[in-house]
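Trainee: Chains as they are written, first to last, in the numbering used here: chain Z, -11 to 285; chain C, 21 to 261. The structure under discussion is supplied below as structure tokens; questions concerning it will follow.
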Amino acid sequence: MSAYYLQQLLNGLMLGSLYALIAIGFSMIYGIVRLINFAHGDLLMVGAFTTLGLASTGLLPWWAIALLVLVTGALSGITIERVAIRPMRGAPQVTGFIATLAVSVVIENGGLILLSGQPRTFLFPEIMRSRVTIGPASVAAVDLVIIGSTLLLCVLLLLFVRGTRMGRAMRALADNLLAARLMGIDVDRTIMAAFAIGSAFAAFAGLLWGGRFGQIDPLIGFAPGLKAFVACVIGGVGSIGGAVLGGYLLGLAEVMFVGMLPPIYSGYRDAFVFATLILVLLLMPNGLLGRPEEDRA
Amino acid sequence: MLTLAELVVERGATRVLHGIDLEVRSGEIVALIGANGAGKTTTLHAISALLPVRGGRITLDLGEGTAKRLDRMSPAEVVACGVVQCPEGRQLFASLTVLENLLLGAYRRDDREAVKRDLARMSELFPVLGERRNQSAGSLSGGEQMMLAIARALMARPRLLLLDEPSLGLAPQMVDRIFETILALNREGVTMLLVEQNALAALEIADRAYVLETGRIVQSGTGAALLDDPAVRAAYLGLGA
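Take a look at the structure:
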């Protein structure tokens, strides 16, 4: 493989990892409450600014910052669920969509007021910015950290949903709500856990995003959130594996469009991304790994 | 063991049960029969706390003079009291494996060793479930799915098992097997409230039965007595007087 393609592949995997981390939360939450959480992307912003705040104190090691970002994301997700989504349960689906849209607007504008729209510089430690040579290609260490930590989180999530009681309850609830209630599964607690995990992942993606691209602002979550939603739809909404697959496919496709098309088209990368979405949905309406499902208010 | 007293239940704005009285005693199979829309499933849903109770009481007698009101509990609390439902249409977790379905039946239990023993017992009772433990529940045949639904409910160690239409959609041969299983489980001491449209099969194995008609109990008695009752024979068994 030539250096150029290996380079593009690594770029695609890096971007795909970030999309996958966000898409997982979309899918977990949709799988259980049948609701697209439009505020989900904004948790990336919450994670990025939490990182910036903690890192600028200079008191904490990076592993502790990462842990605190995960916790902050989880608590934000739980709060969103309690304040905006639980009260809407049983209402028509569109009410929930609008509620999450409102939460998104509140978070973004709250961010603009409190943090100002001025972009902030965001720096990972020196070692993360050093370059690592892999065969003929060379990548920033941070890219490998992004890919590696995403894979690690995916493995941990897999072990959780397959091997623990709460994980099993989550899958049961996504599969059949009535049966889950009849087995005595605590629905509220399980929904809360799904929001906590999904949101923690999105906030962690914010940490990585800031570290990779070096600048953050309060609206930074919007575009990645939208792309992750696309990833999630391509993979099949509700399927965690589908979200990961969709994330990587989208990341690779996006890098490929930019890398292989004549430069005058590269500005249209997002148009190509959404065209891919339409194409996938025309051929496979439930996404790559999705299944047709029961209706649920 | 279970007493429904003047139970009133509504679905949305429609009153479905107009004050029904029903009793299940320890060790019995009690059948609740009636036409489509009479309120049979609604009765079971009310007991499992899936629907709010608008009037009357649901009381579970735990023996030794203690009783609990089920009508003020959450579905999870009802299960914790040992009242477990095997719902209409089976409602398995189709994308999960047979083993996972069984483990979810034992969701409220903390006695891991006993759960393991019960898993082994389910494979004895229903050998096919043991053979297919790692297959997804949705890939089983209709009859196998029904067995899994019953086994999943048994994994909760029910004091009282609520069975909703276990014969629905099954081949006649399979219906016989399911009813044999129900009877065998009852002999082992599982108390049951059985809702059925297949009134003949239900009355044959029931100790006592109630006939529900548009939300009211219109008749009750032993299974044998109702089998001989001319009105019941004409309306529900399709037999002459």
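We put the beta carbon where it would ideally sit given N, CA and C, even for glycine.
(1) Is it true that the CB of His28 (chain Z) sits closer than 8 angstroms to the CB of Gly213 (chain Z)?
(2) Examine the ligand PLP and report whether any of its heavy atoms sits within less than 7 angstroms of the Cβ of Gln165 (chain C).
(3) Alpha carbon to alpha carbon, what distance is there between Pro186 (chain C) and Leu70 (chain C)?
(4) Could you tell me which chain C residues have their CB closer than 8 angstroms to the CB of Ile173 (chain Z), listed as they occur along the chain?
(5) Need the endpoints of the beta strand (DSSP E) that Gln105 (chain C) sits in, please.
(6) Could you check what DSSP says for Glu69 (chain Z) in three-state terms: helix, strand or coil?
(7) Helix, strand or coil for Gly4 (chain Z), going by three-state DSSP, please let me know.
(8) Against chain C, with Cβ distances strictly below 8 angstroms, would Leu265 (chain Z) count as a contact?
(9) May I have the straight-line CA-CA distance separating Leu270 (chain Z) from Phe113 (chain C), to the nearest angstrom?
(10) From Ala261 (chain C) to Ala134 (chain C), what does the alpha carbon distance come to, in whole angstroms?
(11) Using 8 angstroms as the threshold, is the segment 191 to 201 of chain C in touch with the segment 113 to 129 of chain C, meaning 3 or more CB pairs across them?
(12) By the three-class DSSP mapping on this structure, what secondary structure does His275 (chain C) have?
(13) Out of Z:Met180, Z:Ile66, Z:Ile208, point me to the one whose CA is closest to Leu100 (chain Z)'s CA.
(14) Name, in chain order, the residues that DSSP records as bridge partners for Gln239 (chain C).
(15) Can you check whether the C-beta of Arg287 (chain Z) is within less than 8 angstroms of a C-beta belonging to chain C?
(16) Is there a Cβ of chain C sitting closer than 8 angstroms to that of Asn164 (chain Z), yes or no?
(17) Measuring alpha carbon to alpha carbon, tell me which residue in C:Arg77, C:Ser156, C:Cys101, C:Gln105 is nearest Gly83 (chain C).
(18) Measuring CA to CA, which of C:Arg110, C:Val104, C:Tyr256, C:Leu257 is closest to Gly162 (chain C)?
(19) Mind checking Pro192 (chain C): buried by the 16 CB within 10 Å criterion, or exposed?
(20) Let me check understanding here. Comparing Cα to Cα, which of Z:Val246, Z:Gly199, Z:Arg156 lies closest to Leu132 (chain Z)?
(21) Quick check on this structure: which residue in C:Thr34, C:Leu214, C:Asn56, C:Pro72 has the alpha carbon closest to the alpha carbon of Leu42 (chain C)?
(22) Under 8 angstroms, with one C-beta from each stretch per pair, do the segment 88 to 103 of chain C and the segment 45 to 54 of chain C reach the 3-pair mark?
(23) If you follow the beta strand (DSSP E) that Arg89 (chain C) is in, where does it begin and where does it stop?
(24) Anything in chain Z within Cβ reach of Ser115 (chain C), meaning under 8 angstroms, just list it in chain order.
(25) Anyone know if the C-beta pair for Val218 (chain Z) and Phe262 (chain Z) falls short of 8 angstroms?
(26) Can you tell me whether DSSP reads Asp184 (chain C) as helix, strand or coil?
(27) Just how far apart, CA to CA, sit Ala285 (chain Z) and Val143 (chain Z)?
(28) So within the segment 88 to 149 of chain Z, which uninterrupted beta strand (DSSP E) runs reach at least 3 residues, ignoring any that extend past its ends?
(29) Hey, how far is the Cα of Leu240 (chain Z) from the Cα of Thr61 (chain C)?
(30) Count the other C-beta atoms from every protein chain shown that fall within 10 angstroms of the C-beta of Leu160 (chain C), then say buried if there are 16 or more, exposed otherwise.
(31) With 8 angstroms as the C-beta to C-beta threshold (strictly closer), list the residues of the segment 41 to 73 of chain C near chain Z in chain order.
(32) Give the interface partners of Arg156 (chain Z) over in chain C, defined as CB-CB distance under 7 angstroms, in chain order.
(33) Near Ala221 (chain C), what residues of its chain come up, given a Cβ to Cβ distance below 7 angstroms and the 5 sequence neighbours on each side ignored?
(34) Helix, strand or coil: which one does DSSP assign to Thr38 (chain Z)?
(35) Would you mind telling me which residues of chain Z sit closer than 7 angstroms to Ile100 (chain C), beta carbon to beta carbon, in chain order?
(36) Could you give the C-beta distance for Ala228 (chain Z) and Val21 (chain Z), rounded to a whole number, given that I count them as a contact under 8 angstroms?
Mentor: Answer, in terms of the structure:
(1) For Gly213 (chain Z) and His28 (chain Z), yes; Cβs fall inside 8 angstroms.
(2) In terms of ligand content, the structure shown is empty, and the ligand PLP therefore cannot be addressed.
(3) The alpha-carbon atoms of Leu70 (chain C) and Pro186 (chain C) are separated by roughly 19 angstroms.
(4) Going along chain C in sequence order, the residues near Ile173 (chain Z) (Cβ under 8 angstroms) are Ala96, Leu124, Tyr127.
(5) Residues 103 to 106.
(6) In the structure shown, Glu69 (chain Z) adopts helical secondary structure according to DSSP, grouped into three states.
(7) In this structure, Gly4 (chain Z) counts as helix in the three-state DSSP scheme.
(8) For Leu265 (chain Z), the closest Cβ of chain C is not nearer than 8 angstroms.
(9) Distance between the alpha carbons of Leu270 (chain Z) and Phe113 (chain C): 29 angstroms.
(10) Any reading at Ala261 (chain C) must be qualified, since the residue scores a pLDDT of 49, below 50, and its modelled position is unreliable; the value itself is stated next. Computed Cα separation, rounded: 50 angstroms.
(11) Taking one beta carbon from each stretch, the segment 191 to 201 of chain C and the segment 113 to 129 of chain C have fewer than 3 pairs nearer than 8 angstroms; the two do not touch.
(12) One cannot answer for residue 275 (chain C) here, as it falls past the ends of chain C, which runs 21 to 261.
(13) Proximity to Leu100 (chain Z) across Z:Met180, Z:Ile66, Z:Ile208 peaks at Z:Ile208, based on C-alpha coordinates.
(14) Looking at the DSSP assignment, Gln239 (chain C) forms a beta bridge with C:Val231.
(15) Chain Z is shown from -11 up to 285; residue 287 (chain Z) falls before or after that span and cannot be answered.
(16) Yes, contact with chain C.
(17) Looking at the Cα atoms, C:Cys101 is the closest of the given residues.
(18) Ranking C:Arg110, C:Val104, C:Tyr256, C:Leu257 by Cα distance to Gly162 (chain C) puts C:Arg110 first.
(19) When all chains shown are included, Pro192 (chain C) counts as exposed.
(20) Among Z:Val246, Z:Gly199, Z:Arg156, the Cα nearest to that of Leu132 (chain Z) is on Z:Gly199.
(21) Cα-wise, what sits closest to Leu42 (chain C) is C:Leu214.
(22) With the cut-off at 8 angstroms, the segment 88 to 103 of chain C and the segment 45 to 54 of chain C do not touch.
(23) Per DSSP, Arg89 (chain C) belongs to the beta strand (DSSP E) from 86 to 89.
(24) Here the neighbours are Arg159, Asp163, Arg279.
(25) When the beta-carbon positions are compared, Val218 (chain Z) and Phe262 (chain Z) come within less than 8 angstroms of each other.
(26) Strand at Asp184 (chain C).
(27) In this predicted model, Ala285 (chain Z) has a pLDDT of only 45, less than 50, meaning its place in the structure is not dependable; the value taken from the coordinates is given anyway. Just so you know, the alpha carbons of Ala285 (chain Z) and Val143 (chain Z) end up roughly 31 angstroms apart.
(28) For secondary structure counted as the beta strand (DSSP E) over 3 or more consecutive residues, the segment 88 to 149 of chain Z holds these complete runs in sequence order: 119 to 122, 125 to 128.
(29) Leu240 (chain Z) and Thr61 (chain C): Cα-Cα distance of roughly 51 angstroms.
(30) Leu160 (chain C) comes out buried.
(31) Residues of the segment 41 to 73 of chain C that bring their beta carbon within less than 8 angstroms of a beta carbon in chain Z comprise Ser68, Leu70, in sequence order.
(32) Neighbours of Arg156 (chain Z) on chain C, chain order: Glu120, Leu123, Leu124.
(33) Taking C-beta separations shorter than 7 angstroms and ignoring five residues to either side along the sequence, the partners of Ala221 (chain C) in its chain run Ser187, Val195, Phe199, following chain order.
(34) Helix, per DSSP.
(35) In the sequence as displayed, the identity of residue 100 (chain C) is Ala instead of Ile. Residues of chain Z passing the Cβ test: Gly172.
(36) Note that residue 228 (chain Z) is Ile in the sequence shown, not Ala. Going by Cβ atoms, the distance from Ile228 (chain Z) to Val21 (chain Z) rounds to 15 angstroms, so no, they are not a contact pair.
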